[in-house]
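Q: Numbering (my numbering), first residue to last: 250 to 531.
(1) Is the stretch 413 to 423 touching the stretch 382 to 395 in the sense that three or more CB pairs, one from each, lie closer than 8 Å?
(2) For residue 522, which of helix, strand or coil comes out of DSSP?
(3) Identify, in the order they occur along the chain, each residue of the same chain with its Cβ nearer than 8 Å to the Cβ of residue 391, setting aside the five sequence neighbours on each side.
(4) Who are residue 193's beta bridge partners in DSSP?
(5) So that I know if they touch, is there some Cβ in chain B lying closer than 7 Å to that of residue 484?
(6) Would the stretch 425 to 438 and the stretch 469 to 486 be scored as touching if the rule is three or more Cβ pairs under 8 Å?
(7) How is residue 494 classed by DSSP in three states: helix, strand or coil?
(8) Determine, using beta-carbon pairs with one atom in the stretch 368 to 385 and one in the stretch 331 to 346, whether at least three such pairs fall under 8 Å.
(9) Can you name the start and end residues of the alpha helix (DSSP H) that residue 406 belongs to?
(10) Taking contact to mean at least 3 C-beta pairs separated by less than 8 Å, is the stretch 353 to 368 in contact with the stretch 301 to 308?
(11) Check residue 311 in the structure and name its three-state DSSP category.
(12) Return the bridge partner residues of residue 480 from the DSSP annotation.
(13) Can you tell me the Cα-Cα spacing of residue 408 and residue 446, whole angstroms?
(14) Is residue 287 helix, strand or coil when you go by DSSP?
(15) Where residue 338 and residue 529 are concerned, what is the direct C-alpha to C-alpha distance, given to the nearest angstrom?
(16) What are the residues that DSSP puts in a beta bridge with residue 447?
(17) So residue 314 and residue 252 are in contact, right, with Cβ under 8 Å, and what is the actual spacing, rounded?
(18) Check whether the stretch 449 to 461 touches the stretch 369 to 384, taking contact to mean three or more Cβ pairs, one atom from each stretch, closer than 8 Å.
(19) Do you know offhand how far residue 438's Cα is from residue 380's?
(20) With a CB to CB cut of under 8 Å and the five nearest residues on each side skipped, what residues in its chain are close to residue 501?
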């Protein structure tokens, strides 16, 4: 069952009209569907419309034309805006846009408090969310004194604490070190797997997209290609032509295959790569 439906959406920012470039759209005739409980990664080069799409999925932006439906609700209908934002939690690229309180744990509690959740349950959610992003020890700190990566983890914890039906993450790990990225990704995967939360993750790390159920590649504001990670990342030349890479192990084996190494499929992660190479080289 589709939870998100995007139908022939066009969008441009007001500044484009002022600059006389009304013929150029950030999103152009974009259509896609995301099923309830699915984990979808959205990838594309800078300027392909990824972040603009993310803001359409919780009614932060409204299409110039076309429609976006969240669980059947039209994002352009203001009567549904509050309900849509309860169901779709958005983690923005810049965490400073989401931090509102003077203490970390109060910031994480802000969303659940506004949903009228019982205080005892809020306390549990806040603690669990902060532990999930490795920020529990900073619960009494001031957010403005944190590093950029720490701020991002607090912003993610605030969304996790609200337990929405869907989480849209706009490059959530861009400011984190490898350990922090893995912790956040583990948390997101667990929420998707154990709680059935729909996840839409925008990322420029192709290795992160490998863990998704489906990958959607944007180019020029519309869908270039979509499919399972293996279907998408097997099309190395197509992605190269559109200034995109594939996971490093996929690229390695693509080059080996070009040199005559017989590989029936291209691997997506290190373990799969090692297993394949053992079979053909030993």
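Glycine is no exception: its CB is placed at the ideal position from the N, C-alpha and C atoms.
A: Walking through what the data contain:
(1) no
(2) Counted from its first residue, the chain shown places residue 522 at position 273. Reduced to three states, the DSSP call for residue 522 is helix.
(3) Stepping through the chain shown from its first residue, residue 391 is reached at position 142. Excluding residues within five positions, the ones whose Cβ falls inside 8 Å are 351, 352 and 353.
(4) Any answer about residue 193 is impossible in this case: the structure gives the chain only from 250 up to 531.
(5) You won't find chain B in this structure, because it holds only one protein chain.
(6) no
(7) Translated into positions along the chain shown, residue 494 becomes position 245. The DSSP-derived three-state label of residue 494 is coil.
(8) no
(9) If you number the chain shown from 1, residue 406 lands on position 157. Per DSSP, residue 406 belongs to the alpha helix (DSSP H) from 397 to 411.
(10) no
(11) The count along the chain shown starts at 1 and reaches residue 311 at position 62. Coil at residue 311, not helix or strand.
(12) As a position in the chain shown, residue 480 is number 231, starting the count at 1. Partner(s): none; residue 480 has no beta bridge.
(13) Here residue 408 refers to the residue found at position 159 of the chain shown. Here residue 446 refers to the residue found at position 197 of the chain shown. Rounded to the nearest angstrom, the gap between the Cα atoms of residue 408 and residue 446 is 12 Å.
(14) The residue you call residue 287 lines up with position 38 of the chain shown. It is coil, neither helix nor strand.
(15) Here residue 338 refers to the residue found at position 89 of the chain shown. Here residue 529 refers to the residue found at position 280 of the chain shown. Going by the C-alpha atoms only, they are around 45 Å apart.
(16) On the chain shown, residue 447 is found 198 positions in, with the first residue counted as 1. Answer is 415, bridged to residue 447.
(17) For this step, residue 314 is matched to residue 65 along the chain shown. For this step, residue 252 is matched to residue 3 along the chain shown. Not a contact, Cβ separation roughly 22 Å.
(18) no
(19) Taking the chain shown and counting its residues from 1, the one referred to as residue 438 is at position 189. Taking the chain shown and counting its residues from 1, the one referred to as residue 380 is at position 131. Near 15 Å, if we compare the C-alpha coordinates of residue 380 and residue 438.
(20) Here residue 501 is taken as the residue at index 252 of the chain shown, counted from 1. Around residue 501: 522.
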